[in-house]
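Participant:
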Amino acid sequence: MRRKTVSLLLAAAMMTSFAAAPVFAEEIETEEATQEEAEHVYTNAADGMTLAIVTKAAGNPYNEKEAEGFTEVVEGEGGTVVVQHPESATADAQIAVINSLISQGVDAIAVAANDTNALSAVLQEAMDEGIKILTLDSDVAPEDRATFCNQAGVQEVGQSLIDAVYDLTGGEGQYAILSATSQATNQNAWIEAMKAISEEDEKYASLDLVEVAYGDDEYQKSTDQTEALLQKYPDLKVICAPTTVGIAAAAKVLQDQKSEVVLTGLGLPSEMAEYIGDDEEHSCPYMFLWNPIDLGRLAAYTAIALVNETITGAIDDEFEAGDMESSPYTLTAVGDSEEFSEIILGPPFKFDPENIEEWKEVY
Amino acid sequence: MAGKSGRTISAEPRGTVKKLLFSWESAMVLVFLGVILLGNVISPYYTLKNVFREMPKYLSEIFIMLAMGYILVLGDIDISVGSIVCLSATLACIADNAGLPFVLVVLICILTGLACGCLNGFIASHFTELPTMIITLGTQIIFRGIAEVSLGPGGSISLQNKDAIKLLSRKIGIIPVSFFVVLVFALIFIVVLGRTTFGRKLYAIGSNSTAAKYAGIDVQKIRWIVFTVAGTMAGVCALFFLASTYGASTTTGQGFEMEVIAMCVFGGIATTGGKGKLIGGFFAAFIIVCLRIALGQINMNTQLILVIIGAMLIVSVLIPAIGNALRLARKKAEKA
Amino acid sequence: MNKKENGIFRKITGSREASLLIVLIILLALIELLQPSFLAPQNIAQIFRNNALTMLMALGMLCVMLTAGIDISITSVLAFSGMTIGLLQKYDVIHNTLLLFLIGAAIGAVCGMLNGLIISKGKVAPIICTMGFMYIWRGMAYVISNNAWASAEDVSGFSDFGKSGAPGPYIILAIAYVIFFIVMKWTRFGRRIYAVGSNAEAARISGINVDKTITLVYTIMGLLAGITGVLSVSIYGSAQPNMQYGKEMDVIAACVIGGVAMSGGRGTVVGTFMGALIIAVIAKALPLVGLDSLWQNLVKGIIILVVVILNVVTQRVMDRRALARREM
């Protein structure tokens, strides 16, 4: 008997508590309506807009810089910013965050996707609700977003990296790649581009890619993998690590061991300043990256243009991006696609001993 | 003995009414109401519609929570469930992309879970010297490892045939279908644990497995069954997970095991076995989900949300001890 | 299994550590076959250095598991302590290596003592209490970091302590293992831990302060986790809030492989050392033997499971033989 009463009580409590909620719902809807009206008054700036950025994960300075650039532009244009760093670098954590942003009725969401496929459902839902979706840094399937702010074209990154390898090996010999995780979208695309370029062009015929190792963006595993590469391939000349944790871990191993092998790849200047130098004391002669602050700013301008309907995400759309260097930007086709677009920030930037002191203070 | 509460607020409640009022489960209801109220106060977006819309992502975990409750009642633990979700979802996607009919995809998803759970159960019941924590730690790495190998270098896969899976993410009014499915499963699991001989056997094993054995209960067979059920529920979870993502990757389901264990414990189920009711876990799950949604809507730092949940967990398990200490103090005061 | 095999079995499984040693030798022989330079001195040095964190924390976990407890908050404590001392250097507050180690150790000890007090005084199941703190300290590491890392340059002078070729990590490991070996074998405190784990009630009756022992054990665990956090920053030359995420399971696996019983009361420092070494060897060998990186996790899981099951089987054979001899 007692148990039955308990369950009844529980059921009743649950129903009443849910029933209590709609009272508040109505208030919100009216609020939203006034907001929408406000938007029609201003058409050029971001006044009255709420724009959100979802980075890959909390606790990473690269992501923080992206958010910083995004915030700076949106606030400068008079909009409201929501910055969300998911609790971990998984699609799962991003889904929760994006769901919440849909509830908040933001106008646009810029996502640095942790996974190509798993965000599909939630992004579709967001678009159904009329929210503009764009990606930055790392793309999703193109039908799930309006456009993609690409930090640097895949081809350009691949070309820069393979040229660096060519230069550092002296044109021939063994090199290895130390990547992040096996499902990291960006890294996989760049590695594929490197492979394709070196197969097509005779110039790179004497370069020998011995292995692609995965350090999972963990220091311990990246260290193990780097040491294993050194041991397995005594003739190895260059390691190319197109990932921020991997390059820092490998740099430490090579520098501590005073190894002959040199390093290049993509890394944060502030993290890598200790290792960049031309002499034997340093393990990395030079490396590349783009400016994550600029990437965040570009994403902000794109989001504003999307919400203002200056652009729709179609190829050849054009928009102004404030005082950014290459403004106005044009949306270009992704690969051979006739439908899906991306915006390329610019070529990757080279960090060498000359400029590292200056940049390590910036990001 | 069956269905006794894991925790009580006051150690010696007198009378039925008092027992009811001071049971852990009714405290859960109060906390639940509190969370709903909090949500309404802090977030202007905390509407019925929004809460239900955000819920499916979390609902799939409740399937595992139900089975984890059984495992904890046995005094065991299963930390491989997150990896089983990953493997099931992966294989289902692969099957779907190969053009198999949807029914078969569903079957593969659930049977993968069943097979994984069965393997856990087999090892647990045949090598009883091994703690289940270490067995499932091993299989946790293995199941995710198989998923990694079958996903290949890309590490991620999408579901091509989305129309069929959308059936599972449909809504009746504003309430998602998965909510009703969870309710049905919860009802079955709660009734089986609370009111059947099978349920009583679980409590008996959890309280004292040697005594249960001498009482004629086939302890190892039951443990095997329960682990298989847990794996199967992880398969079901994977299915509903797919309905809210349309894809799987090597990180799918990461950390699910700790989240569902936290739900169970917060709901009053003791990890030492033999104590607690599933209804408590069920309410705890909704408390955590509704709280997460509320804090998410005010854009609280995601790591701070985890800190709060961790603190809630510790406070909740400390309440009986605090209650005891207070009562002792009062008794002392009365004597003096 | 025939008689003859049993004879050999008996010899080699005279003690649990001996059977572990056999497992380790077989593992090493297999790897050496696939990768002949595996046992080169430099490689062995790398194994110890790159797994110093697991090995150090395994000692604390041994004590915790001897009292039938478990601590899954250790890598969160590690991250909190590591992040703190990383930030102290980043913002140029403190650069003294010894002082940094002391601060890290103190943070760890306090975190551990909280665990211990709640578990012993509050009668909370260890896995639950430490799960709560797992979320809390990891979250706090993120919160204090404020999305920044302490970079190699920030910790440059300090990281010399743990850099490749420097003796720092080895000295810490050696000292810790010697101390624990002595304490667990020959001191009253060591025996008290075993007593509490074998039978807490009996220990209480014989006058041991069980609560105090348990609190101390978790404090020691926390202390080690704190030191490990500092060591980690020094070895990898960087501090991030997500460092060593999920590695607590490696530590637990090391202990279980080393024959420490999760039900308490059974386990030795030597066994723990071997268990940790097996985990370390697996981690080092997998990328070396030419296995496709996609398969590495799968193989790691299978090896761990096979090793623990093998341990059970040998134990059963030993018990049966012992029983048979008694019956004669």
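So the sequence lines, in the order shown, correspond to chains A, B and C. Per the working numbering, residue 1 is the first one in the first sequence, and the count goes up by one each step. Per the working numbering, residue 364 is the first one in the second sequence, and the count goes up by one each step. Per the working numbering, residue 700 is the first one in the third sequence, and the count goes up by one each step. From the three backbone atoms N, C-alpha and C, an ideal C-beta is built for every residue, glycine too.
#1: Does the count of Cβ pairs from the region 271 to 289 of chain A and the region 243 to 262 of chain A closer than 8 Å reach three?
#2: Under 8 Å Cβ-Cβ, which residues of chain B neighbour Ile95(A)?
#3: Give me, in chain order, the residues of the same chain whose beta-carbon lies closer than 6 Å to that of Ala979(C); leave out the 5 immediate sequence neighbours on both sides.
#4: Please list, in chain order, all residues of the same chain as Met833(C) whose beta carbon is under 7 Å from its beta carbon, the five residues on each side excluded.
#5: Just reading off the beta strand (DSSP E) that Ser120(A) is part of, what are its end residues?
#6: Does Gln666(B) come out as helix, strand or coil in the three-state DSSP assignment?
#7: Roughly how many whole angstroms lie between the Cα atoms of Glu338(A) and Ala58(A)?
#8: Using the three-state DSSP reduction, which class does Val362(A) fall into: helix, strand or coil?
#9: So Ala606(B) packs on Ile528(B), CB below 8 Å; how close in whole Å?
#10: Let me see if you follow: with CB-CB separation under 9 Å, is Lys862(C) close to chain A or not?
#11: Excluding the five sequence neighbours on either side, which residues of its own chain have a C-beta within less than 8 Å of the C-beta of Ala865(C), listed in chain order?
#12: Would you mind giving the Cβ-Cβ distance between Gly811(C) and Ile919(C), rounded to the nearest angstrom? I have them listed as a contact below 8 Å.
#13: Unbroken alpha helix (DSSP H) runs of length 4 or more, entirely within the region 926 to 988 of chain C: which are they?
#14: Since Lys534(B) sits in a beta bridge, which residues does DSSP pair it with?
#15: Does Lys232(A) get closer than 9 Å to chain C when you measure Cβ to Cβ?
#16: Among the residues of its own chain, which have a CB less than 6 Å from the CB of Ala611(B), if the five just before and after it don't count?
#17: Can the beta-carbon of Val589(B) be found less than 9 Å from the beta-carbon of Ile427(B)?
#18: Under three-state DSSP, which class holds Tyr834(C)?
#19: What is the DSSP secondary structure of Asp208(A), reduced to helix, strand or coil?
#20: Check for me: the alpha helix (DSSP H) holding Tyr286(A) runs from which residue to which?
#21: Can you find the residues in the same chain that come closer than 8 Å, C-beta to C-beta, to Lys412(B), ignoring five residues on each side of it along the sequence?
#22: Tell me whether Val111(A) sits in a helix, a strand or coil according to DSSP, three-state version.
#23: Under three-state DSSP, which class holds Phe148(A)?
#24: Report yes or no: do three or more beta-carbon pairs, one from the region 539 to 554 of chain B and one from the region 137 to 147 of chain A, lie closer than 8 Å?
#25: Using a Cβ-Cβ cut-off of 9 Å, state whether Leu268(A) counts as contacting chain C.
#26: Give me the chain B residues within the contact set of Glu281(A), using Cβ-Cβ distance strictly less than 9 Å, ordered along the chain.
#27: Thinking C-alpha only, which one of Trp885(C), Phe779(C), Ala767(C) is nearest Gly921(C)?
#28: Pairing CB atoms from the region 762 to 769 of chain C with CB atoms from the region 899 to 918 of chain C, are three or more of them under 8 Å?
#29: Roughly how many angstroms separate the alpha carbons of Ile817(C) and Phe880(C), rounded to a whole number?
#30: So, Val968(C) versus Lys884(C), is the Cβ gap smaller than 9 Å?
#31: Check whether chain A comes within 9 Å of Trp836(C), counting only Cβ atoms and requiring the distance to be less than that.
#32: Going by CA-CA distance only, name the one from Leu797(C), Leu723(C), Leu987(C) that's closest to Val661(C).
#33: With distance defined between alpha-carbon atoms, name the residue in Phe603(B), Val444(B), Asn662(B), Lys638(B) nearest to Gly594(B).
#34: Name the DSSP bridge partner or partners of Glu318(A)?
#35: In chain order, what residues of the region 387 to 402 of chain B put their CB closer than 8 Å to some CB of chain C?
#36: Classify Phe561(B): buried if its beta carbon has 16 or more other beta carbons within 10 angstroms, exposed otherwise.
Facilitator: The structure says:
#1: Of all C-beta pairs linking the region 271 to 289 of chain A to the region 243 to 262 of chain A, three or more are shorter than 8 Å, placing the two stretches in contact.
#2: Taking the first residue of the first sequence as 1, we reach residue 95(A) at position 95. Result: Lys420, Ser607, Thr608.
#3: Here residue 979(C) corresponds to residue number 280 of the third sequence, with the count starting at 1. Excluding positions up to five away in sequence, the list reads Ile746, Asn750.
#4: On the third sequence, position 134 is the one that residue 833(C) refers to. Setting aside the 5 residues that flank it on each side, Met833(C) is surrounded in the same chain by Ile771, Ser772, Ser775, each with a C-beta closer than 7 Å to its C-beta; the list follows chain order.
#5: Sequence index remark: in the first sequence, residue 120(A) carries index 120 (1-based). Not the beta strand (DSSP E): Ser120(A) falls in the alpha helix (DSSP H), residues 120 to 128.
#6: Counting from 1 along the second sequence, the entry for residue 666(B) is found at position 303. Correct three-state label for Gln666(B): helix.
#7: The count along the first sequence starts at 1 and reaches residue 338(A) at position 338. The count along the first sequence starts at 1 and reaches residue 58(A) at position 58. One Cα belongs to Glu338(A), the other to Ala58(A), and the distance between them is close to 36 Å.
#8: Here the question's residue 362(A) lines up with position 362 in the first sequence. Shown here, Val362(A) sits in coil according to DSSP, grouped into three states, outside any helix or strand.
#9: Here residue 606(B) is taken as the residue at index 243 of the second sequence, counted from 1. Here residue 528(B) is taken as the residue at index 165 of the second sequence, counted from 1. That pair is a contact at about 5 Å.
#10: As a working note, residue 862(C) is residue 163 in the third sequence. Interface with chain A (9 Å Cβ-Cβ cutoff): Lys862(C) is included.
#11: In the third sequence, counting from the first residue as 1, residue 865(C) sits at position 166. So the list reads Asp859, once near-sequence residues are dropped.
#12: Counting from 1 along the third sequence, the entry for residue 811(C) is found at position 112. Counting from 1 along the third sequence, the entry for residue 919(C) is found at position 220. In this structure Gly811(C) touches Ile919(C) by the C-beta definition: roughly 7 Å separates them, less than 8 Å.
#13: Every alpha helix (DSSP H) of 4 residues or more that sits fully in the region 926 to 988 of chain C is shown, in chain order, as 947 to 956, 968 to 987.
#14: Numbered from 1 along the second sequence, position 171 holds the residue referred to as residue 534(B). For Lys534(B), which the question treats as bridged, DSSP gives the partners Pro539(B).
#15: Residue numbering aside, residue 232(A) sits at position 232 when the first sequence is read from its first letter. It does; some Cβ of chain C falls within 9 Å.
#16: As a working mapping, residue 611(B) is identified with position 248 in the second sequence. Ala452, Thr453, Cys456, Ile520.
#17: Within the second sequence, residue 589(B) is the residue found at index 226, counting from 1. Within the second sequence, residue 427(B) is the residue found at index 64, counting from 1. Not in contact: Val589(B) and Ile427(B) (Cβ atoms no closer than 9 Å).
#18: Here residue 834(C) refers to the residue found at position 135 when the third sequence is read from its first residue. In the structure shown, Tyr834(C) falls within a helical segment according to DSSP collapsed to helix, strand and coil.
#19: Within the first sequence, residue 208(A) is the residue found at index 208, counting from 1. In this structure, Asp208(A) counts as strand in the three-state DSSP scheme.
#20: Taking the first sequence and counting its residues from 1, the one referred to as residue 286(A) is at position 286. Where Tyr286(A) is concerned, there is no enclosing alpha helix (DSSP H), given that its DSSP letter is neither H nor E.
#21: Position 49 of the second sequence, counted from the first residue, corresponds to residue 412(B). Result list for Lys412(B): Ile537, in chain order.
#22: Working through the first sequence from its first residue, we reach residue 111(A) at position 111. Val111(A): strand per DSSP, three-state reduction.
#23: Indexing the first sequence from 1 puts residue 148(A) at position 148. In this structure, Phe148(A) counts as strand in the three-state DSSP scheme.
#24: Verdict: no, contact absent.
#25: Translated into positions along the first sequence, residue 268(A) becomes position 268. Put simply, the CB of Leu268(A) is near chain C, with a gap under 9 Å to one of its CB atoms.
#26: Sequence index remark: in the first sequence, residue 281(A) carries index 281 (1-based). Taking a Cβ-Cβ cut-off of 9 Å, Glu281(A) has no neighbours in chain B, whose nearest Cβ is about 36 Å from it.
#27: In the third sequence, counting from the first residue as 1, residue 921(C) sits at position 222. Here the closest residue by C-alpha is Phe779(C).
#28: These segments touch.
#29: For this step, residue 817(C) is matched to residue 118 along the third sequence. For this step, residue 880(C) is matched to residue 181 along the third sequence. Rounded to whole angstroms, Ile817(C) to Phe880(C) spans 28 Å at the Cα level.
#30: Against the third sequence, residue 968(C) aligns to sequence position 269. Against the third sequence, residue 884(C) aligns to sequence position 185. Taking a C-beta distance under 9 Å as the contact criterion, Val968(C) and Lys884(C) qualify as a contact pair.
#31: Position 137 of the third sequence, counting from 1, holds the residue named residue 836(C). No, Trp836(C) lies away from the interface with chain A (no Cβ there is under 9 Å from its Cβ).
#32: Within the shown structure, residues of chain C are numbered from 700 to 1027, placing residue 661(C) beyond reach of any answer.
#33: The residue given as residue 594(B) occupies position 231 in the second sequence. Comparing Cα positions, the closest option is Val444(B).
#34: In the first sequence, residue 318(A) corresponds to position 318, counting from 1. DSSP lists Thr330(A) as partners of Glu318(A).
#35: Here the close residues number zero.
#36: Reading the second sequence from its first residue, position 198 is the one you call residue 561(B). Phe561(B) counts as exposed, since fewer than 16 other C-beta atoms from the protein chains shown sit within 10 angstroms of its C-beta.
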